[in-house]
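A.B. asks:
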Amino acid sequence: MATNHQNGLSTGNGGNTTVQPAATSVINLSNSSDVVIGPMTQYQGSVTIYQYMDATVEASRIAIPNLGNGHMVIDRHNWGAQQGVHGPYKLPHPIPYVLITHIGVHSEICSDVHVCSIKMRTLQDAAIAEKSLQDIPSNFYVGGDGNVYVGRGWDTANAYANMSLAVCFMGDYGRYEPNDLQLSALDHLLTFGEKHRLLTEDYKIVAHRQARTTRSPGIKLYEKITKLTRWYPCGLPGYAKCGVEIGLPTVWDQEYPKSIPTIVPNASANSTQTN
1 MATNHQNGLS TGNGGNTTVQ PAATSVINLS NSSDVVIGPM TQYQGSVTIY
51 QYMDATVEAS RIAIPNLGNG HMVIDRHNWG AQQGVHGPYK LPHPIPYVLI
101 THIGVHSEIC SDVHVCSIKM RTLQDAAIAE KSLQDIPSNF YVGGDGNVYV
151 GRGWDTANAY ANMSLAVCFM GDYGRYEPND LQLSALDHLL TFGEKHRLLT
201 EDYKIVAHRQ ARTTRSPGIK LYEKITKLTR WYPCGLPGYA KCGVEIGLPT
251 VWDQEYPKSI PTIVPNASAN STQTN
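Each residue of the sequence shown is one higher than the last, beginning at 1 in the UniProt record's numbering.
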């Protein structure tokens, strides 16, 4: 019988080929330290490392609340939120205003529960580590998959306005059009809130850009918002300025102490915008 030791093959007289395991390398170590086996990456300077685990998402739609028309509510446990974190202020009911925001800054639209859950964890980590917030900023998030992801929920004030329910569309709507599933999810969420007296019967919808110098929620989403029957045109020419009545100053100043710019009275100050 001829044997090919290099390839680990043995050929018998009948011409049949049998496969034998190839030789393996064995490394014996004793009394050693700082040993690395395999590739190693070295970083110089400050490095922030986020570790993400797969979100535990129930396969059955029965286990996840359904708003109707196939819109699921993905709670904090299911998208993998950090445990034991929450905003500092309670949100009194019923809520008179709904504030529409978006993620912005070239954010892509997520299209399924797995990707949207990763985005939610990224948003929460950034809010806590980089913006010194106590939790993810908005009350609810609308994914491109047409599902609603719970942020601070119905009972905790958001980081923008303590008399409002902040609903954030996940993506950059200066670049992308909100899809029909997202707009339907928003409608079903607000209908649920009104039905359960979490929202006032005459609640008003306000875009973030109406109350702050910001592009949020993006021009493409803003155009859709202004066509809704509950849209409230405060802050626009001919209408009163919006802000104080929806509680913007209080929570904003306390939760975003580093984000309040020093206003310099010159012509260029009016051109400053944030996403």
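Ideal Cβ placement from N, Cα and C applies to all residues, glycine included.
1. Give the C-beta separation of G146 and Q182 to the nearest angstrom, bearing in mind that I take them to be a contact with Cβ-Cβ under 8 Å.
2. In the DSSP assignment, what residue or residues form a beta bridge with I205?
3. When you compare each of A81, E223, G174 and W79 to G104 by their alpha carbons, which one comes out closest?
4. Does the region 195-204 come close enough to the region 91-111 that 3 or more CB-CB pairs lie under 8 Å?
5. Using a 10 Å radius around the Cβ and a threshold of 16 neighbouring Cβ atoms, would you call N139 buried or exposed?
6. Considering only the alpha carbon of each residue, which of Y239, A185, A161 and Q210 lies closest to F169?
7. Apart from the five residues just before and just after L236, which ones in its own chain have a Cβ nearer than 8 Å to its Cβ?
8. Would you mind sorting P88 into buried or exposed? The rule is 16 or more other CB atoms within 10 Å of its CB.
9. May I ask you to verify whether the region 110-126 touches the region 186-194, counting CB pairs closer than 8 Å and requiring at least 3?
10. Below 8 Å CB to CB, which residues in the same chain sit around H86 once its five sequence neighbours on both sides are set aside?
11. Can you find the residues in the same chain that come closer than 7 Å, C-beta to C-beta, to D172, ignoring five residues on each side of it along the sequence?
12. Check whether chain C comes within 8 Å of K195, counting only Cβ atoms and requiring the distance to be less than that.
13. Classify K195: buried if its beta carbon has 16 or more other beta carbons within 10 angstroms, exposed otherwise.
14. Spell out the partners DSSP gives Y141 in its beta bridges.
C.D. replies: Answer, in terms of the structure:
1. To locate residue 146, count along the sequence shown from 1; it is residue 146. To locate residue 182, count along the sequence shown from 1; it is residue 182. Going by Cβ atoms, the distance from G146 to Q182 rounds to 6 Å, so yes, they are a contact pair.
2. Position 205 of the sequence shown, counted from the start, is the residue given in the question as residue 205. I205 pairs with V98 and W231.
3. The residue given as residue 104 occupies position 104 in the sequence shown. Among A81, E223, G174 and W79, the Cα nearest to that of G104 is on G174.
4. yes
5. Residue mapping note: residue 139 aligns to position 139 of the sequence shown, counting from 1. Buried.
6. Your numbering for residue 169 matches position 169 in the sequence shown. Minimum Cα distance to F169 is reached at A185.
7. Stepping through the sequence shown from its first residue, residue 236 is reached at position 236. Within the same chain, L236 has close Cβ partners Q210.
8. In the sequence shown, residue 88 corresponds to position 88, counting from 1. It is exposed - the Cβ of P88 has fewer than 16 other Cβ atoms within 10 Å.
9. no
10. Working through the sequence shown from its first residue, we reach residue 86 at position 86. The answer, listed in chain order, is Q134, D135, R152 and T156.
11. Here residue 172 refers to the residue found at position 172 when the sequence shown is read from its first residue. Result list for D172: H102, I103, G104, V105, H106, S107 and G218, in chain order.
12. Although the question refers to chain C, the structure presented lacks it and comprises just one protein chain.
13. For the purposes of this step, residue 195 is taken as the residue at position 195 of the sequence shown. K195 is exposed by the Cβ-count criterion.
14. Translated into positions along the sequence shown, residue 141 becomes position 141. According to DSSP, Y141 bridges with Y149 and C168.
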